[in-house]
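Encoded as structure tokens, the structure appears first; notes follow it.
Residue numbers (this note's numbering): 151 to 504.
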């Protein structure tokens with residue numbers, strides 16, 4: 151049976167309370183940030199580089215210059231590069247509700263176009279962002295008029311103080327793996343991790359990279375346990391998995407990076423921002439080498455961004471999936487349920503199911 155299209159009047163009437171809760175949540179968060187001297191900015195989506203992470207895929211387009219010549223451009227996967235340029239320009243507290251685009255991603259929690267709430271604090275430790283995250287959960291719950299977040303049978307109290315857990319602690323607790331034993335600074339030992347994975351019954355291939363194995367363990371063994379009862383802050387990611395973050399001052403194997411989880415769903419990704427332009431270039435180049443090896447493509451490096459990074463003050467920043475936050479606050483099963491106009495599926499063009 152064909153699914154009723156989202157623009158059907160009766161279906162829209164069913165979705166409308168969720169969409170109005172989305173609007174209230176956006177206003178509440180914006181008001182909360184502005185009350186703390188944050189300035190809302192509107193970063194441009196069309197960029198020289200969409201970002202330089204190996205496993206993020208961008209939408210590519212072509213700009214025709216006044217000279218009539220074509221130039222490749224990209225829709226950003228995050229407003230990060232543009233917003234950090236504003237920090238270099240002198241802004242100290244900024245936020246944006248930015249539409250972003252990620253290719254090869256579509257599912258119950260993924261839309262090719264979605265809204266990312268991103269904010270930055272100059273001269274403040276990244277742990278302050280953890281307090282911000284706790285506030286965002288409360289604000290979303292209040293805006294939706296709920297006391298509990300619920301997703302796929304998992305409950306989370308948005309008013310409870312989040313649990314803070316390091317990645318190493320989470321791997322030991324939920325997978326029986328000593329992750330940091332496979333790290334030496336930002337260098338990793340794939341064979342050591344492979345042996346540990348196989349010893350605890352996690353299926354990994356002979357050619358799997360350290361990063362791929364880490365991702366498998368995280369998805370299969372760790373993430374399903376996070377954000378139950380209360381939110382979880384998964385902190386101190388391995389340095390090899392934190393290309394945009396500062397190394398931790400007490401252990402060069404880990405970095406100032408954390409992720410926020412509720413109901414087993416990843417909501418946010420925060421950093422103590424790396425401001426060493428030479429190191430950032432090196433990390434971008436490694437990421438693009440990996441992208442070329444796996445996918446046969448690479449994205450350009452935004453030289454303007456690296457020049458700005460050299461002038462950027464110490465800062466902390468975070469990106470939060472706003473649509474996912476609304477999903478949890480409204481108990482919506484799919485991301486399309488919380489989007490005013492869901493992205494069309496070209497594979498369904500001419501089919502009334504969309």
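We put the CB at the ideal spot given by N, CA and C, even for glycine.
- The beta-bridge partner set that DSSP reports for residue 304 consists of 301.
- Excluding the 5 residues flanking it on each side, residue 430 has same chain C-beta neighbours closer than 7 Å at 424, 456, 459, in chain order.
- Look at residue 329 here: in three-state DSSP terms it is helix.
- The C-alpha of residue 426 is placed about 46 Å away from the C-alpha of residue 166.
- Taking every protein chain shown into account, the CB of residue 473 has 16 or more other CB atoms within 10 angstroms, so this residue is buried.
- Contact annotation, residue 405 with residue 389: C-beta distance approximately 5 Å; criterion of less than 8 Å satisfied.
- Residue 484 places its beta carbon less than 7 Å from that of residue 258.
- For residue 404, the enclosing beta strand (DSSP E) covers residues 401 to 405.
- Per DSSP, the continuous alpha helix (DSSP H) segment holding residue 237 begins and ends at 230 to 239.
- Separation of residue 168 and residue 487 (C-alpha to C-alpha, rounded to the nearest whole angstrom) is 8 Å.
- Shown here for residue 273: same chain residues with a beta carbon closer than 8 Å to its own, the five before and five after excluded, namely 242, 463, 464, 465 in chain order.
- For residue 367, the uninterrupted alpha helix (DSSP H) run begins and ends at 360 to 367, by DSSP.
- The continuous beta strand (DSSP E) containing residue 385 extends over residues 382 to 385.
- The alpha carbon of residue 193 has as its nearest neighbour, out of 227, 327, 357, 186, the alpha carbon of 227.
- As the crow flies, the alpha-carbon of residue 366 is around 39 Å from that of residue 184.
- Taking 3 residues as the shortest admissible run, the segment 408 to 475 contains the following complete beta strand (DSSP E) segments, listed from N- to C-terminal end: 415 to 422, 465 to 471.
- For residue 250, the closest C-alpha among the options 434, 428, 229, 379 is that of 229.
- Rounded to the nearest whole angstrom, the C-alpha separation of residue 332 and residue 360 is 9 Å.
- If the five residues before and after residue 329 are omitted, its C-beta is found closer than 6 Å to the C-beta atoms of 318, 321, all from its own chain and listed in chain order.
- At a Cβ-Cβ threshold of 7 Å, residue 256 and residue 207 do not count as neighbours.
- For residue 282, the closest alpha carbon among the candidates 397, 467, 348 is that of 467.
- For the segment 263 to 288, there is no continuous alpha helix (DSSP H) assignment of 4+ residues that stays within its boundaries.
- Annotation for residue 341: no beta strand (DSSP E) segment contains it, though the alpha helix (DSSP H) segment containing it runs 340 to 349.
- Between residue 197 and residue 223, the beta carbon gap of about 7 Å places them in contact (Cβ cut-off 8 Å).
- Proximity to residue 225 across 216, 235, 236, 248 peaks at 248, based on C-alpha coordinates.
- Residue 190 is bridged by DSSP to 245.
- With fewer than 16 other beta carbons inside 10 angstroms of its own, residue 443 counts as exposed.
- When C-beta atoms of the segment 406 to 416 are compared with those of the segment 299 to 311, three or more pairs fall below 8 Å, so the two segments count as touching.
- Contact check for residue 385 and residue 408: beta-carbon distance about 4 Å, within the 8 Å limit, so the pair qualifies.
- Cα atoms of residue 269 and residue 393: separation of roughly 18 Å, rounded to the nearest angstrom.
- In the displayed model, residue 312 falls within coil according to three-state DSSP, outside both helix and strand.
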